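Let me begin by presenting the structure, written as structure tokens, before commenting on it.
Residue numbers (UniProt numbering): 1 to 674.
Dropping the structure here:
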């Protein structure tokens with residue numbers, strides 16, 4: 001029988017049918033009819049202190065866009081303009097003409113729609129828009145402007161967040177979305193006033209019936225949560241540093257803080273982000289909102305070491321996209337521009353992507369005095385992935401990666417230090433391709449278990465889990481088309497959970513068979529080392545006893561799947577029973593232990609020649625070596641190469657050697673990582 005969350009959600013879908021249609025919008029002007037000579041930029045007096053402001057001239061939605069550009073010192077126009085935050089679009093060739101100072105300039109379709117919706121009818125609107133206000137072709141001007149972008153958004157009266165247009169069929173749905181968001185935001189404000197909180201994600205019994213709007217709620221799932229704005233690196237900087245923000249989606253507008261509280265309240269009620277709740281909030285917009293808040297706090301307070309601070313921003317934006325891969329580094333410098341200048345990175349688009357990434361990595365290592373940045377170097381394993389130096393993170397990747405181990409599972413700084421807080425010794429060879437460090441081998445990997453993908457279903461290679469047929473069929477998309485992609489997401493998540501459960505059982509069997517010999521207090525129960533490895537050294541407030549008790553409860557939730565696997569059912573029967581077990585596992589409610597095992601995602605466990613149980617990078621191979629490097633916070637996996645160098649594979653967690661127990665300074669030798 002479905003759990004309470006699952007049952008309540010579908011009861012809600014059956015009963016809720018409130019629709020609030022908005023009047024159809026007038027037909028917009030798709031393209032300027034006026035074409036003149038191409039606009040020519042006038043150089044700025046000083047590109048490091050001056051900016052251009054866009055004066056968007058008044059007009060109706062049926063008129064072409066005309067504007068003027070004015071060069072001004074940035075310091076002289078505080079609070080006198082709005083800064084636009086938007087997505088350029090994937091296809092740069094899709095442009096449309098507008099009039100700028102009497103000349104014709106080409107801009108992207110999405111920006112044209114933004115200007116059309118933001119234009120006033122009774123007077124000019126002063127904006128800063130990067131694609132127009134910066135001469136994108138001037139490589140001498142562009143670095144100075146990029147360096148100022150953080151301050152440009154700080155000085156703006158507000159940031160205008162453009163989520164896209166709402167015309168045709170999407171117009172009515174967007175109206176429903178904003179209606180529901182207003183109801184959620186109003187109820188969130190009311191609950192805050194009376195001091196009431198939603199403790200756990202579950203449908204509320206007393207929220208306003210006006211929120212029960214199927215089309216609006218599903219519209220949030222279809223249009224708001226997957227909006228590409230959430231995934232761009234520049235938008236992170238823009239929303240973090242601004243004083244306040246306004247969300248605009250077509251003709252609809254909403255204060256950003258109100259929008260934020262509405263989304264969070266909707267998730268608390270299990271009405272928004274339902275698929276994210278099924279995945280225990282591991283990914284999705286909820287996580288992005290938390291990251292935005294974390295970066296706001298970090299940008300305001302800063303960190304003692306600018307190298308560590310830059311790494312923190314790069315980690316929070318790692319999974320965001322950028323049209324120019326170099327902007328994965330340059331796009332975060334404005335989050336704390338004054339402090340981060342001490343790292344020594346200056347935007348320069350004449351450098352190659354590889355040069356920018358190598359330079360950033362070296363500067364982070366030398367400024368911070370540690371090797372924490374190596375935690376972002378886990379290879380994707382994809383055959384088309386770039387193959388630069390293995391010690392340089394490829395920030396251009398758009399895939400999800402394992403969480404670095406410099407923090408514990410709760411996101412707090414790791415208190416242990418595998419090299420006993422030793423001083424880092426490092427350098428580069430002459431061609432800059434080899435990182436020179438010191439360290440020693442601890443052990444060799446001799447056994448491996450499968451990778452635990454853990455809810456990241458987009459990352460699972462094709463065919464994984466297909467042995468029993470659970471991935472061979474998708475739901476009827478045409479019959480459920482009015483839901484959009486929602487049922488497909490649910491189906492894929494359940495399938496991924498089935499695979500996760502299978503891997504958990506394989507890991508448990510692996511640990512029992514290995515019977516770990518990790519250093520530390522002797523235990524006859526292999527599960528003792530196993531659960532501490534899953535937690536990667538993170539314990540509940542009650543310590544080991546409380547954490548182990550939660551582990552035992554979590555382990556028992558896998559019993560149904562364990563029995564089904566033992567039965568060795570045929571494909572047809574296994575598909576039905578496995579999916580039922582996966583759905584039950586997803587809907588069983590909150591699980592305290594899962595908050596402590598997030599760092600297993602995208603990793604595998606393995607055994608060493610000495611019998612140590614390890615949490616390893618997903619690309620670990622037999623014969624890889626377990627190292628501790630001087631100045632390193634955690635053990636690492638290195639792969640010997642025929643030329644005497646080693647390849648960096650990733651970080652490792654090995655219970656019993658995480659706080660200097662296995663580090664031998666006298667055994668350290670030079671290690672060349674290529």
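Using N, Cα and C, we set each Cβ at its ideal position, and we do this for glycine too.
It should be emphasised that the depicted structure is a prediction, and the values quoted were computed from it without experimental measurement.
Query, Result
"Three-way DSSP call (helix, strand, coil) for residue 179 in this model", "helix"
"Buried or exposed (CB count within 10 angstroms, at least 16 for buried), residue 293", "exposed"
"Rounded C-alpha distance that separates residue 317 from residue 359", "18 Å"
"Residue 601 beta carbon less than 8 Å from that of residue 403", "yes"
"Proximity of residue 622 and residue 605 at Cβ, strictly below 8 Å", "no"
"C-alpha gap between residue 68 and residue 249, whole angstroms", "24 Å"
"6 Å CB neighbourhood of residue 303 in its chain, flanking five on each side removed", "309"
"Closest by C-alpha distance to residue 620, when choosing among 638, 628, 173", "638"
"Secondary structure of residue 351, DSSP reduced to three states", "coil"
"Buried or exposed (CB count within 10 angstroms, at least 16 for buried), residue 641", "exposed"
"Cα-Cα separation between residue 151 and residue 42, rounded to whole angstroms", "22 Å"
"Residue 445 beta carbon less than 8 Å from that of residue 608", "yes"
"Rounded separation between residue 456 and residue 494 - CA only", "With a pLDDT of 45 at residue 456, under the threshold of 50, the modelled position of this residue cannot be trusted, and the question is left open."
"Supposed close pair residue 405, residue 530 - CB separation, criterion 8 Å", "Actually they do not touch by this definition, with Cβ atoms about 18 Å apart."
"Alpha helix (DSSP H) segment containing residue 535, residue limits", "526-535"
"Residue of 39, 319, 652, 334 minimising C-alpha distance to residue 442", "652"
"DSSP three-state assignment for residue 83, whether helix, strand or coil", "strand"
"Span of the alpha helix (DSSP H), counted from its first residue to its last, around residue 151", "141-155"
"Residue range of the unbroken alpha helix (DSSP H) whose run includes residue 330", "327-330"
"Contact under 8 Å by Cβ, residue 434 with residue 673", "yes"
"Burial state of residue 567 (16 or more Cβ within 10 Å)", "exposed"
"Where residue 121 falls, given that 16 or more other Cβ within 10 Å makes a residue buried", "exposed"
"Local conformation of residue 381 per DSSP, three classes", "Note that residue 381 scores 48 on pLDDT, short of 50, meaning its location in the model is unreliable; the coordinates nonetheless yield the value given after this. Residue 381 falls in the coil class under three-state DSSP."
"Opening and closing residue of the beta strand (DSSP E) in which residue 335 lies", "Note, residue 335: premise wrong, no beta strand (DSSP E); not H, not E."
"Opposing strand residues paired with residue 605 [DSSP bridges]", "615"
"Inter-stretch contact (C-beta, 8 Å, three-pair minimum) for the stretch 108-121 and the stretch 180-198", "no"
"Closer than 8 Å to chain B by CB, residue 416", "This model lacks chain B altogether; it includes just one protein chain."
"Cβ neighbours of residue 232 in the same chain (closer than 8 Å, five flanking residues each side left out)", "87, 320, 321, 322"
"N-terminal and C-terminal residue of the beta strand (DSSP E) that residue 443 is part of", "435-452"
"Nearest-angstrom Cβ-Cβ length linking residue 395 and residue 314, presumed shorter than 8 Å", "7 Å"
"Closest residue to residue 230 among 85, 101, 371, 266 (Cα-Cα distance)", "85"
"Given residue 558 as reference, the closest of 345, 521, 504 once Cα atoms are compared", "504"
"Within 8 Å, strictly: CB atoms of residue 44 and residue 75", "no"
"Selection from 408, 198, 425 that minimises the alpha carbon distance to residue 371", "425"
"Contacts around residue 191, its chain only, beta-carbon distance under 8 Å, and the 5 residues preceding and following it disregarded", "197, 198, 265"
"Residues bridged to residue 96 (per DSSP)", "107"
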